[in-house]
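In what follows, a single structure is set out as structure tokens and then discussed.
Residue numbers (the working numbering): -19 to 348.
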């Protein structure tokens, strides 16, 4: 078992990574099962594939399982389903000392984390992520949220889990498209500040996508180590360091908004196209070598990820996409910070990007 510590003083916690960890979760989670019970929140897809494994392991350890099963998909990150979840938890008489288990992808993790943060002014929760995107990104760091009509993740809180338990074998049940979408977040860590890891992605990323257990474990471990270090340094994005984790997200969220936050463009696919756009825009500004931007685009294209507006199925013009960006939660004093790059592994936060120029760049991309 690999162990990564997220060092946040009293809010510190462990990330445990082990092939088959779900089948041994009873022993791992027993200390968190107050009064011999755990409430497990999941969606209908994960309930069919992974909940039986977790349920069997917990019951073998003498833990009673109380499942709450929600619909799958981004639309579940809503006021309606938050209320449904809170009512279900209250009906089960959850107390502040109890731990709620979030079993699923980023949607379930974000929703359960936010519910835990506000229920009785704060209950404990455990992340058991079952998608690659959740394992390498959303389950770590304490960002919880639901979506609003105005945009994605606009209502939420910073609220750290008590534990993150990652079993790479859960990826076996995922459709290839969803694994590819999660892989975009793996690539992100190389592009931020680890060019050697990006080179590993170029040479070995195909093994991860093909299901190689060693490649999966290596990529997940490297990714969560990188994120844990950044989160420990800047938990609430006050210094700007944690903002580096948003590489590709400003462009990507605008693409997701244009496609209705739907299955037309998965979150990780939006991030992939967003990273390619961020590097090409950096090259347009003369900040980044064109060769580096081309490498990013080529790798994303090689693994079957969206890398431009056309492959992201986006139809809006530059002004329309910039309009979506104006609802970004990172807006401050009318300015939207952008993650740009001086090269692969050299991402930085820029606060002087002119949105009219971004719109012109996107129109040029659309016409290409």
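For each residue, glycine too, the CB sits at the ideal point set by N, CA and C.
The structure presented is a predicted model; accordingly, all values stated were derived computationally and were not measured.
I need the straight-line Cα distance from residue i to residue j, nearest angstrom please.
{"i": "residue 314", "j": "residue 332", "result": "11 Å"}
{"i": "residue 99", "j": "residue 66", "result": "7 Å"}
{"i": "residue -10", "j": "residue 78", "result": "18 Å"}
{"i": "residue 97", "j": "residue 137", "result": "7 Å"}
{"i": "residue 161", "j": "residue 285", "result": "7 Å"}
{"i": "residue 130", "j": "residue 211", "result": "27 Å"}
{"i": "residue 158", "j": "residue 265", "result": "33 Å"}
{"i": "residue 23", "j": "residue 126", "result": "16 Å"}
{"i": "residue 318", "j": "residue 251", "result": "14 Å"}
{"i": "residue 300", "j": "residue 76", "result": "44 Å"}
{"i": "residue 291", "j": "residue 277", "result": "12 Å"}
{"i": "residue 26", "j": "residue 337", "result": "43 Å"}
{"i": "residue 177", "j": "residue 324", "result": "10 Å"}
{"i": "residue 70", "j": "residue 19", "result": "11 Å"}
{"i": "residue 174", "j": "residue 225", "result": "13 Å"}
{"i": "residue 84", "j": "residue 209", "result": "24 Å"}
{"i": "residue 102", "j": "residue 74", "result": "11 Å"}
{"i": "residue 270", "j": "residue 263", "result": "5 Å"}
{"i": "residue 241", "j": "residue 228", "result": "16 Å"}
{"i": "residue 112", "j": "residue 344", "result": "33 Å"}
{"i": "residue 348", "j": "residue 295", "result": "13 Å"}
Which same chain residues end up closer than 7 Å to residue i when comparing Cβ atoms and leaving out the 5 residues on each side of it in sequence?
{"i": "residue 115", "result": "109, 146 and 200"}
{"i": "residue 181", "result": "166, 167, 170 and 279"}
{"i": "residue 140", "result": "-12, -9, -7 and 122"}
{"i": "residue 44", "result": "16 and 17"}
{"i": "residue 6", "result": "37, 38, 40, 41 and 43"}
{"i": "residue 340", "result": "298"}
{"i": "residue 52", "result": "23, 24 and 25"}
{"i": "residue 68", "result": "48"}
{"i": "residue 259", "result": "268, 272, 273, 276 and 321"}
Are residue i and residue j close, meaning C-beta to C-beta below 8 Å?
{"i": "residue 50", "j": "residue 2", "result": "no"}
{"i": "residue -3", "j": "residue 150", "result": "no"}
{"i": "residue 86", "j": "residue 107", "result": "no"}
{"i": "residue 235", "j": "residue 223", "result": "no"}
{"i": "residue 320", "j": "residue 330", "result": "yes"}
{"i": "residue 9", "j": "residue 31", "result": "no"}
{"i": "residue 105", "j": "residue 62", "result": "no"}
{"i": "residue 346", "j": "residue 297", "result": "yes"}
{"i": "residue 12", "j": "residue 142", "result": "yes"}
{"i": "residue 164", "j": "residue 248", "result": "yes"}
{"i": "residue 55", "j": "residue 193", "result": "no"}
{"i": "residue 287", "j": "residue 239", "result": "no"}
{"i": "residue 81", "j": "residue 21", "result": "yes"}
{"i": "residue 29", "j": "residue 172", "result": "no"}
{"i": "residue 221", "j": "residue 267", "result": "no"}
Enumerate in chain order the residues of its own chain whose CB-to-CB distance from residue i is below 6 Å, with the five nearest sequence positions on each side excluded.
{"i": "residue 335", "result": "302"}
{"i": "residue 257", "result": "231"}
{"i": "residue 237", "result": "304"}
{"i": "residue 91", "result": "57"}
{"i": "residue 117", "result": "165"}
{"i": "residue 188", "result": "195, 196 and 199"}
{"i": "residue 60", "result": "none"}
DSSP beta-bridge partners for residue i?
{"i": "residue 123", "result": "138"}
{"i": "residue 330", "result": "318"}
{"i": "residue 104", "result": "79"}
{"i": "residue 167", "result": "Answer is none; residue 167 lacks a bridge partner."}
{"i": "residue 143", "result": "-6 and 106"}
{"i": "residue 131", "result": "128"}
Excluding the five sequence neighbours on either side, which residues of its own chain have a C-beta within less than 8 Å of the C-beta of residue i, listed in chain order?
{"i": "residue 316", "result": "230, 305, 306, 308, 310, 333 and 335"}
{"i": "residue -17", "result": "-6, -5, -4 and -3"}
{"i": "residue 4", "result": "-2 and 37"}
{"i": "residue 207", "result": "116, 117, 120, 121, 169 and 225"}
{"i": "residue 46", "result": "17, 18, 19, 20 and 72"}
Whole alpha helix (DSSP H) runs in the stretch 28 to 96 with 4 or more residues, listed along the chain? 31 to 40 and 59 to 71
Where in the stretch -16 to 34 do unbroken runs of the beta strand (DSSP E), each at least 3 residues long, occur, reported from the N-terminal end onward? -7 to -3 and 17 to 23
In chain order, what are the residue ranges of uninterrupted alpha helix (DSSP H) at least 4 long that sit wholly in the stretch 176 to 256? 193 to 213 and 229 to 238
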